[in-house]
Amino acid sequence: MDTEILARIQFAFTVAFHYIYPPLSIGIGLIMVIFEGLYLKTGKKQYEILTRFWLKIFAITFGIGVATGIIMEFEFGTNWSVYSKYVGDIFGSALAAEGLFAFGLESTFLGILIFGWNRVSPKVHFISTIGVFFGSMFSAVWIVVANSWQQTPAGYHIVGEGLSARAEVTDFWAMVFNPSSVDRIIHVWQGAFLAGAFMVLSVHAYYLLKGRYVEISKKAFKISLVVATIVSLTQLVSGHSSADGVAVNQPAKLAAMEGHYDESAAADLYMFGWVDDESQKVTGLGIPGGLSFLVHQDFEEPIQGLNAFPKDEIPTQVNAVFQFYHIMISIGMFLIGLTLYASYLWWRGKLFEKKWLLRIFAFSVLLPQIANQAGWFAAEMGRQPWVVYGHLKTSDAFSQEVSANQILFSLILFFVVYAILFLLFLYSLNKKIKHGPYIEAEHPDEFLKYT
Amino acid sequence: METFLGIDYPTLWYLVVGLLFSGYAILEGFDYGAGAWHLFLRKDLSRRVAINAIGPLWDANQVWLIIGGGALFAGFPVMYATMLSAMYIPFMLFLMLLVLRSASIKFRSAEEMTWWRKTWDIIYFISNTLIGFLLGVVLGNVLQGFELHENFEYKGGIFFSFLNPYALMVGFTTLSIFMTQGAIFLLLKTEGRLHDRLSFLLKKGMIFFIISFAITSLYTLTFLPGVTDKFKEQPVFFILPILAFLAVANVPRLVSKKKYAQALIFSSLIMAFLLMLVAFQLYPVLLPSTISPEYSVTIYNAASSQKSLGIMLTIVLIGAPLLAAYFLFLYKTFHGKVKLDDTSY
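Protein chains in written order, with the working numbering: chain A, 106 to 556; chain B, 34 to 378.
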């Protein structure tokens, strides 16, 4: 295999693996802030138990997120040196801001969060929790800003030619608030909140099914259900706004997302389907003219298809982009239905009566994770062949001085180490969940004492 | 070119990066150094105490690596890209070891079984030792220069050429100073028999450091051409090697008086002075080319635009005091000897 393909596989693998953890940290962080805030406000011990329990899971998640994140930071230089020189002037300031403002905040307060229970007052501890949570939110901001700039560059000019060409900042705020960044930051935050909320829902649904920690699990379940319902509904808004932006700024990507080839015709909106690149046809179930309606509020309005663009400026993996995009949408819709139905049952006072629903919630932890991954794959593969949209191609961006064998070596190393890391993560997660927030056998009336 | 306080932006950013790398070396120096003594501590409890000595701090200390790397990427993208891609193998090993090190801290005490803890102890020891060593090896390679052609094109060896004699020597020196730093830090954090054991180990560490430091210095003066030129031009900077030498001499004196807090400050100063020495000697070069000086990466041909550097200097001016405040609060909270409780590793 050639260097470019290997470098791309390595980047995709390491970033996808990394992205399991930060969204979970952000989402669990939000739930922890709520739990601990309620503890401080009401003084009820049950919220302290919940905070301490979720803090343990947060610590493991956060730790692996940091360890795998450092690799991303340096992988730009090792594997994508041409890209690094090209975007350093722009990407760099976002990365520097991320390090100083976001990572500095979360990592210093993390120590107090985890080890400081007996050393600082509850209020200071709560402030540390908020600090870590905000830090992780800011991290997402700067990283998504940098990525959004690659999708929709703004506030820059190109200096030099050939190998020494690079983008330089002309307007910092235009770079930060480039056309896609706000929509995407909100969308990514929401994806992260869902990852965390469904993790909490899943674990407490499991306890409820097993009849363990029933009272605190009901509390935790209801709180997370509120978060999950609000976020899954509002994510529809940021998703739609984001797609509108893609229609304007990256028309080829939008066409690939719906498998739309015709140069200028009304475009359909599919529920699911299969794109055949040869015949340029989509087989599936869709609303004729649906995409045209979503973009222009008119079923007849034509939309530029893939054939309207030069052959070397459109994604080659159209079906993959289509599938990833539709997996994300389908899961999003399913989560809306699930949370609305559960909220309806809660309103009727029957939330915990349906075992099958709790079972779905117990497994639902995987869904936001899959949607988050699929969404990024659609966004990144849809941007191809560009690494910086309209300026730098992926095939020109990798390190020329690195050989295929070197990457093969590091790729194997990554596979082995990450496989071990993932197993350890699952193992310790499982152990912490099985163990539970406290040992029931020793404290049969633990909960009663607290309320 | 724009200036601030009479210093041009690339030079200011060079100082920022230097400061960040020094902070990283000093803070993670005692983390890695403490880990490099891990297998020399015999009892399980001692090893647990040693890990918990850095427990609440190491995540924060690691911030310096992340900001340092980001600062290099942001301010000198050419340097960042050229060095990392040319040193591909050592950096990949370094990153992998960082992951294994984090995993061993998190998972070591999660189980009681002897085989489990022994395995993680070995991984923890090896990763800390090799991380310190590899950092020195990379520094050694940078000091000697890379085979850089026009447009910073690297044409040197790609698999094992980074393991040359000089780089290995700098690697051992770096490891030894980390170990000295780590042992002093652990002495501040421990009591009783573990404390006695560590003060015995620290003596070995200082001998290891002084020998490797002496050999590396002699080798540098003998075999690296032009290393003293800068000092002949600006003799006032002879103060740097003198200060470094005084700091080196002061550490054993303070240790023998059991003034460990001061000893830690002076062993940190050794690193700071040595890095200043390197920085002064290289300036304005970041990465010398062994082919021709005109192909070297310098702070001027590697720098981001004036506009971008200006933005980043503003970010640093706002962010640095915040970060300093966080650190003061964190270190104040966990001041004193290690006490294990239910939140410990």
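Just so you know, even glycine gets a beta-carbon here, dropped at the ideal spot from N, CA and C.
Nearest in C-alpha terms to B/L219, of all of B/P268, B/A296 and B/P258, is B/A296.
Assignment of A/K386 by DSSP, reduced to helix, strand and coil, places it in the strand class. In this structure, DSSP gives B/T331 an extended state, which the three-state scheme calls strand.
Separation of A/E141 and B/D64 (C-alpha to C-alpha, rounded to the nearest whole angstrom) is 31 Å. Residues of the segment 116-140 of chain B with a C-beta atom less than 9 Å from some C-beta of chain A are M116, L117, S118, A119, M120, Y121, I122, F124, M125, L126, F127, L128, M129, L131, V132, L133, R134, S135, A136, I138, K139 and F140, listed in chain order.
A residue is called buried when at least 16 other Cβ atoms come within 10 angstroms of its Cβ; A/T257 meets this threshold and is buried.
By the neighbour-count criterion, in which 16 or more other beta carbons inside 10 Å mark a residue as buried, B/D92 falls on the buried side. The beta carbon of A/H230 lies closer than 8 Å to those of E141, I217, L218, G221 and W222 in the same chain, with the five residues before and after it left out.
Against B/I99, the close residues of chain A are I175, E178, G204 and F208, in the order they occur along the chain (beta-carbon pairs closer than 7 Å).
Distances from the CA of A/I232 to each of A/L145, A/S322 and A/V521 were compared; the closest alpha carbon is that of A/L145. Taking 9 Å as the cut-off between beta carbons, the residues of the segment 179-191 of chain A near chain B are F179, E180, F181, G182, T183, N184, W185, S186, V187, Y188, S189, K190 and Y191, in sequence order.
A buried status is given to B/R81, since no fewer than 16 other beta-carbon atoms sit within 10 Å of its beta-carbon.
In the DSSP assignment, A/R271 falls within the unbroken beta strand (DSSP E) covering R271 to V274. Of the other Cβ atoms in all chains shown, 16 or more fall within 10 Å of the Cβ of A/H292; this residue is therefore buried. Residue pairing for B/L181: DSSP places it in a beta bridge opposite B/Y187.
Contact with chain A is absent for B/E35, since none of that chain's Cβ atoms lies less than 9 Å from the residue's Cβ. Straight through space, the alpha carbons of A/G134 and B/I348 are spaced by roughly 26 Å.
A direct Cα-to-Cα measurement between A/Y152 and B/A69 gives close to 41 Å. Check the Cα spacing between A/W254 and each of A/A270, A/V192, A/V470 and A/V237: the tightest is with A/V192. Closest in alpha carbon position to B/N174, among B/A357, B/A336, B/T323 and B/R134, is B/T323.
Around the beta-carbon of A/S269, fewer than 16 other beta-carbon atoms lie within 10 Å, marking it exposed. The segment 303-351 of chain B is shown to contain no whole alpha helix (DSSP H) run of 4 or more residues.
In this structure A/F326 is in contact with A/H309, their Cβ atoms being roughly 5 Å apart against a cut-off of 8 Å. Along the segment 179-247 of chain A, the alpha helix (DSSP H) occurs as fully enclosed runs of 4 or more residues at 186-202 and 209-220, listed in sequence order. In this structure, the alpha-carbon of B/L356 lies about 6 Å from that of A/G209.
Taking each of B/K236, B/L167, B/P321 and B/A247 in turn and checking the Cα distance to B/K290, the smallest one comes out for B/K236. Straight through space, the alpha carbons of A/A172 and A/I110 are spaced by roughly 25 Å. Taking 9 Å as the cut-off, the Cβ atoms of A/F243 and A/F206 count as close. With respect to the 9 Å criterion, B/P317 and B/T44 are classified as neighbours on the basis of their beta carbons. In the DSSP assignment, A/S369 forms a beta bridge with A/Q409. Taking A/D288 as the centre and dropping the five residues before and after it, the same chain places the C-beta of S343, S346, S347 and G350 closer than 7 Å to its C-beta, in chain order.
For B/Q177, the closest Cβ of chain A is not nearer than 9 Å. A direct Cα-Cα distance of roughly 10 Å separates B/L319 from B/A336. Contacts between B/P89 and chain A, judged by CB atoms closer than 8 Å, involve G216, I217, I219, F220 and G221 in chain order. Under the three-state reduction of DSSP output, B/L72 falls in the helix class. Beta bridge pairing from DSSP links B/F218 with no other residue.
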